[in-house]
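Visitor: Dropping a structure here in structure tokens format, bear with me for questions.
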Amino acid sequence: MTHACNHSDSISCSCCSPLWKSFIPNITINISNDINKVNTETLIFRIATDANGPSGGTILTLENGQNVSVEAMGIQDGVIVATGSYDYVKTQMPPGTQERVLSGSQTLIPGLIEPHVHIIPTAVLDLATDVSPFTGQNLRSQVAQTPEDQYTRQWVTSQLKIVMEKGPYMGGWVVGHNVDPSLFLGDEKAFNATILDQEIGTDKPVFIMNASMHLAYINNHAITVVQQYYKDKGQPITINPDGILAEINDIAPVITVITNSQKPLTFPFQLNRSIDDIFVQASKRGVTYLFDAGIEPWDGKSLLNQSLLLKLKARASRCRVRIGGALVVTSPDDFKNKINNRYLPNTGDSRFNLPYIKVVSDGSNQGLTGYQLQPYCCDNNYEKTASEQNIGLFNFDYPTAFNSLVSQAVQYHWPLMIHANGGQAIDRTLLAFKQAGVTLSTYNERRDRMEHASLLSDQNLEDMKALGISPSFLIGHVGYWGWVFQQTILGEQRAALLDRCQSALKQDMKITLHSDNSVTPLGPLRMMEQAISRVMEGAPANCDSPVLNEQESISRFEALKAMTYDAAWQCHAEQWVGSLTAGKCADFVILAESPITYHGADKNNPVAGMRDIPVLETWKGGWQTYPPSAQ
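Under full-length UniProt numbering, think of the first position of the sequence shown as 1, with each following residue one higher.
Here you go:
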């Protein structure tokens with residue numbers, strides 16, 4: 001079965017699904033004036049030396065995208081004054097400048113960049129109970145100490161049973177989000193109202209959102225509450241008695257009831273705090289720049305102006321991160337009515353900038369909605385079947401609406417980020433770029449991107465090179481879902497095409513790695529580890545071949561470059577961040593150990609554990625954001 005659908009009325013990707021907005025009450029979200037200014041530091045950072053020369057510490061600048069190390073770096077007024085030899089840097093700084101000496105294996109690198117996240121949707125959904133497959137940056141099932149703690153349907157329902165008994169509730173509801181049955185261990189993957197009644201309870205209404213946002217599940221109490229709500233309004237509706245909600249037409253009315261049961265006046269405070277929590281988490285993991293890949297343009301009517309909200313957050317003096325972003329557009333009319341005469345590309349500054357239009361062509365491969373050339377190998381319950389006909393979803397009338405939108409963006413000089421997971425979506429995306437007149441000659445000016453670029457063929461790679469398109473890989477597809485893709489969803493042959501990082505580099509492309517947070521956890525060091533090792537973390541312990549297509553592994557430095565220098569370039573931010581050179585923002589991280597030289601205890605996978613290298617300090621604009629300074 002295949003579908004062509006109007007993106008504004010349906011959903012096939014969790015990252016830009018309109019459903020999360022249904023949780024927001026119709027009230028204005030204000031940002032308070034920032035009165036707590038920060039004092040930027042004037043400092044020299046230098047490596048340790050003794051009579052024999054360097055004795056400890058490393059400073060990696062990534063200058064010109066190269067593996068360059070220096071003795072010292074000076075910062076003042078939020079920018080880098082000089083890098084190079086200690087003697088040279090000292091001459092460029094005010095007399096008596098305080099010095100910080102790096103010792104042992106401590107390593108100072110440019111601030112890490114997350115080139116594709118979703119800030120506001122993640123913040124909204126984080127107000128519910130997280131039942132995702134992750135513990136920190138690891139798959140829950142791989143770090144579970146007992147069988148009961150492994151990622152199963154029983155674990156999910158047990159967590160929500162605790163909420164049923166003790167809270168916290170959302171307006172009296174038990175709400176879980178980000179459940180991913182594709183990663184469940186065992187055969188029990190299905191949910192319905194009876195199962196929720198039996199395993200969670202009946203005292204309160206229960207709502208669980210699938211990570212794909214295509215499905216949600218409610219118990220019988222919830223069915224009764226929702227039907228009564230609309231009956232009282234004179235708008236009776238019918239809900240599937242099994243409690244399985246499919247797509248926006250089924251799911252949105254239930255979310256409306258949940259939203260209207262909450263106290264709307266507390267929501268702005270909760271949302272602001274949840275956004276700040278994301279920034280704190282980013283800083284803890286060495287991130288100084290977040291690129292939001294799905295900001296909805298303001299239509300002049302909604303009380304929530306997403307771009308303004310993020311701009312105000314980013315411009316607050318104590319904001320821990322810089323923010324770039326892409327405005328998501330769903331149709332040619334959407335572009336005409338919401339972008340033209342409202343926004344201009346790449347006119348921001350180091351704190352907040354909007355250089356891209358985002359287009360979402362298909363869904364997610366793990367959600368079985370990426371638009372494929374051949375059917376998936378399993379059904380909706382992740383049972384392998386040779387008779388499956390589903391090839392996923394394409395979000396536009398094709399070719400007219402899709403190609404027209406891409407051409408409009410190019411005509412008005414907007415660089416494009418196009419989400420394409422499945423093989424057929426990738427083919428259509430590249431053809432649309434070509435028909436819009438994008439060529440290699442526009443490569444450095446436009447920097448058009450393909451997001452996820454999950455299943456690239458050799459021909460796709462050649463076409464991307466010729467058109468000047470660079471990929472940003474959701475590398476968690478390999479690390480977290482690699483095993484289930486190989487064994488269940490795609491099969492071995494197609495799974496080997498996942499995230500072809502090395503092949504892209506051989507085509508002289510600039511590549512980046514991203515989390516798509518909240519699809520996977522924030523963590524550039526984790527993404528580097530997964531791109532270097534390509535270990536399928538969901539593989540059983542006795543698996544003889546846990547590495548997915550080792551030929552696509554990249555080097556340690558290539559991985560670091562993808563999270564710094566090349567990420568800055570892809571985000572149109574290299575004039576501010578991405579390397580440590582004079583005049584750029586003083587954004588940097590001090591790690592306990594260099595990812596270039598890190599070796600863990602696992603002889604078969606020496607980069608295992610790179611994600612856990614301690615982040616000792618994170619600095620943004622000459623201000624220490626983590627651990628928080630005493631200012």
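Glycine residues also receive a C-beta, built at the ideal position from the N, C-alpha and C atoms.
So is K620 buried or exposed if we call it buried at 16+ other beta carbons inside 10 Å?
Guide: Buried.
Visitor: Between which residues of its own chain and L265 is the CB-CB distance below 8 Å, once the five residues before and five after are set aside?
Guide: Once the five neighbours on either side are set aside, the close Cβ partners of L265 are I27.
Visitor: Pull up the DSSP beta-bridge partners for I295, would you.
Guide: BP columns for I295 point to L327.
Visitor: Keeping to the same chain, check which residues put their C-beta closer than 6 Å to that of T129; ignore five residues upstream and five downstream.
Guide: If we look at T129 and ignore the five residues flanking it on each side, its Cβ neighbours are V163 and G176.
Visitor: On the criterion of 16 or more Cβ atoms from any shown chain inside 10 Å, does R446 qualify as buried, or is it exposed?
Guide: The residue in question, R446, is buried, as its Cβ has 16 or more Cβ neighbours within 10 Å.
Visitor: Classify K166: buried if its beta carbon has 16 or more other beta carbons within 10 angstroms, exposed otherwise.
Guide: With fewer than 16 Cβ atoms within 10 Å of its Cβ, K166 is classed as exposed.
Visitor: Quick check: L373 and G423, are their CB atoms within less than 9 Å of each other?
Guide: Closer than 9 Å, so yes.
Visitor: For N337 and E188, I'd like the C-alpha separation in whole angstroms.
Guide: So the two alpha carbons sit approximately 46 Å from each other.
Visitor: Within this structure, are the beta carbons of R322 and Y356 separated by less than 9 Å?
Guide: No. Outside cutoff.
Visitor: Using the DSSP secondary-structure output, state which residues sit across from Q624 in a beta bridge.
Guide: DSSP output for Q624 lists W619 as bridge partner(s).
Visitor: Since N109 and V589 are thought to touch, with beta carbons under 8 Å apart, how far apart are those beta carbons, to the nearest angstrom?
Guide: The sequence as given places Ile at residue 109; Asn does not occur at that position. Confirmed, Cβ separation roughly 6 Å.
Visitor: Report all residues from its chain with a CB closer than 6 Å to the CB of M536; omit the five preceding and five following residues, and keep chain order.
Guide: Around M536: G482, W483, P546 and L548.
Visitor: Under 9 Å, do F473 and I418 count as touching if we go by C-beta distance?
Guide: Not in contact: F473 and I418 (Cβ atoms no closer than 9 Å).
Visitor: Going by DSSP, what residues sit across from Y382 in a beta bridge?
Guide: For Y382, which the question treats as bridged, DSSP gives no partner whatsoever.
Visitor: Is the segment 422 to 440 in contact with the segment 340 to 351, if contact means three or more CB pairs nearer than 8 Å?
Guide: No contact exists between the segment 422 to 440 and the segment 340 to 351.
Visitor: Taking the continuous alpha helix (DSSP H) assigned at C279, which residues delimit it?
Guide: It is worth fixing the name first, because residue 279 is Phe in this sequence and not Cys. Note, F279: alpha helix (DSSP H), F267 to K284.
Visitor: Can you list, in chain order, the residues of its chain with a C-beta nearer than 6 Å to that of Q98? Leave out the 5 residues immediately preceding and following it.
Guide: Cβ neighbours of Q98 beyond the five flanking positions: L43.
Visitor: For L461, which residues of its own chain have a beta-carbon under 6 Å away from its beta-carbon, when the five flanking residues on both sides are left out?
Guide: Correct list, in chain order: S503 and Q507.
Visitor: Could you tell me the alpha carbon to alpha carbon distance between H7 and L393, rounded to whole angstroms?
Guide: Because H7 sits at a pLDDT of 41, beneath the cut-off of 50, its placement in the model cannot be relied upon, and the point is left open.
Visitor: Quick check: the Cα distance between residue 632 and T61, rounded to an integer number of angstroms?
Guide: Look at the range of the chain in this structure, 1 to 631, and you will see that residue 632 is not part of it.
Visitor: So, helix, strand or coil for K37, using DSSP?
Guide: In the structure shown, K37 sits in coil (DSSP, three-state: anything other than H, G, I, E or B).
Visitor: Given a cut-off of 9 Å on the beta-carbon distance, is the pair E550 and R534 in contact?
Guide: Yes, the Cβ-Cβ distance between E550 and R534 is below 9 Å.
Visitor: Under three-state DSSP, which class holds M1?
Guide: Any answer about M1 is weak, because its pLDDT of 32 lies below 50 and its placement is not dependable; what the coordinates show is given next. M1 falls in the coil class under three-state DSSP.
Visitor: For R322, which residues does DSSP report across the bridge?
Guide: The partner list for R322 (beta bridge, DSSP) reads Y289.
Visitor: Just reading off the alpha helix (DSSP H) that Y565 is part of, what are its end residues?
Guide: Y565 to Q570 is the span of the alpha helix (DSSP H), which, as asked, contains Y565.
Visitor: How far does the beta strand (DSSP E) with Y598 in it reach, from first residue to last?
Guide: Careful: Y598 lies outside any beta strand (DSSP E) and carries neither H nor E.
Visitor: Measure the Cβ-Cβ separation of L185 and Y217 and say whether it is below 9 Å.
Guide: Against a cut-off of 9 Å, the Cβ pair of Y217 and L185 comes out as no contact.
Visitor: Which residues mark the beginning and the end of the alpha helix (DSSP H) in which G476 is found?
Guide: Segment G476 to G479, the alpha helix (DSSP H) holding G476.
Visitor: Should K233 go down as buried or exposed, given a rule of 16 or more other Cβ atoms within 10 Å for buried?
Guide: Classification for K233: exposed.
Visitor: Taking 6 Å as the limit between beta carbons, can you name the residues of its chain near G78, skipping five residues before and five after?
Guide: The answer, listed in chain order, is T40, A586, G621 and G622.
Visitor: Who are the Cβ neighbours of P627 in its own chain at under 6 Å, not counting the five residues just before and after it?
Guide: Around P627: no qualifying Cβ.
Visitor: Closer than 8 Å is the cut-off here; do at least three beta carbon pairs connect the segment 55 to 73 with the segment 294 to 302?
Guide: Contact fails: fewer than three Cβ-Cβ distances are below 8 Å.
Visitor: Based on the DSSP secondary-structure assignment, which residues constitute the bridge partners of D362?
Guide: In the DSSP output, where bridge partners are listed per residue, D362 has F394.
Visitor: Taking 8 Å as the cut-off, is the beta-carbon of N337 closer than that to any non-hydrogen atom of the ligand SAH?
Guide: You won't find the ligand SAH in this model; it holds no ligand whatsoever.
Visitor: By the 10 Å Cβ neighbour count, where 16 or more other Cβ atoms means buried, how is K561 classified, buried or exposed?
Guide: The residue in question, K561, is buried, as its Cβ has 16 or more Cβ neighbours within 10 Å.
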